[in-house]
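Visitor:
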Amino acid sequence: MERTYIMIKPDGVQRGLVGEIIKRFEQRGYKLGALKLYQANEDLLRKHYGDLQEKPFFPGLLKYMTSGPVTCMVWEGENVVRMGRQMLGETNPQASAPGTIRGDFSIVVGRNICHGSDSVASAEKEIKLWFDDNEVLAWKDHSHAWVYE
Ligand code: GTP
Ligand code: MG
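So this is what it looks like as structure tokens:
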């Protein structure tokens, strides 16, 4: 089954939104594969946001993302990469529809609460980057037969 890497950024953790964000993925029917609270360092973030190194906001992004713990998660399910991005909303919260995480809980792009992988290939890369193999679990989800036909 497809997997995605979802991360609650330091503002989401500080604002007490961890439970709310987990709840949305759980209630939709996705299966949790891994979960941890984690203090990221600049090295890891340079790898994670490698494509943005030349952007003028990159130093600020590093500072933001290392300013406190993040919550790292793997979620599994049909089309979860695309659906996960849809649940997050647009990069800029002001373009995000109400009902999305960014559209409901944030106002500016530099404090947009959460990250979601943008493709299946980046998801697999990001899961390897943020988790050791033994932190990602395969387990029998008994709701599967009720979520899928
Ligand atoms: P992620 O899920 O975090 O990867 O966001 P995204 O895929 O919607 O956007 P992108 O990968 O292009 O940018 C990564 C992150 O950099 C964004 O989520 C923002 O936190 C930050 N960012 C992007 N553009 C800007 C910008 O113009 N200004 C600032 N301050 N931050 C930005
Ligand atoms: Mg991105």
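Start counting the sequence shown at 41; every next residue gets the next number (UniProt numbering). Beta carbons: idealized from backbone N, C-alpha and C, even for Gly.
1. Should the region 128-140 be regarded as contacting the region 77-97, the criterion being three or more beta carbon pairs within less than 8 Å?
2. Rounding to the nearest angstrom, what Cα-Cα distance links Pro99 and Val160 in this structure?
3. Beta-carbon within less than 7 Å of Asp181's beta-carbon, same chain only, minus the 5 sequence neighbours each way: which residues are those?
4. Are there 16 or more other CB atoms within 10 angstroms of the CB of Tyr188, so buried, or fewer, so exposed?
5. Arg55 by DSSP, collapsed to three states: which one?
6. Can you pull the DSSP bridge partners for Leu169?
7. Can you list the residues near the ligand MG, meaning Cβ strictly closer than 7 Å to any non-hydrogen atom, in the order they appear in the chain?
8. In angstroms with no decimal places, state the Cα-to-Cα distance between Ile61 and Gln126.
9. Which stretch, first to last residue, makes up the alpha helix (DSSP H) that contains Ala185?
10. Considering only heavy atoms of the ligand GDP, does any lie closer than 7 Å to the CB of Val149?
11. Roughly how many angstroms lie between the CA atoms of Val110 and Asn81, to the nearest whole one?
12. Starting from Glu116, trace the beta strand (DSSP E) both ways and give me its first and last residue.
Guide: So, to answer that:
1. no
2. 27 Å
3. The residues are Lys71.
4. exposed
5. coil
6. Answer is none; Leu169 lacks a bridge partner.
7. His155 and Asp158
8. 13 Å
9. His184 to Val187
10. Although the ligand GDP was asked about, the structure shown includes only the ligand GTP and the ligand MG as ligands.
11. 11 Å
12. Going by DSSP, Glu116 is part of the beta strand (DSSP E) stretching over Val110 to Glu116.
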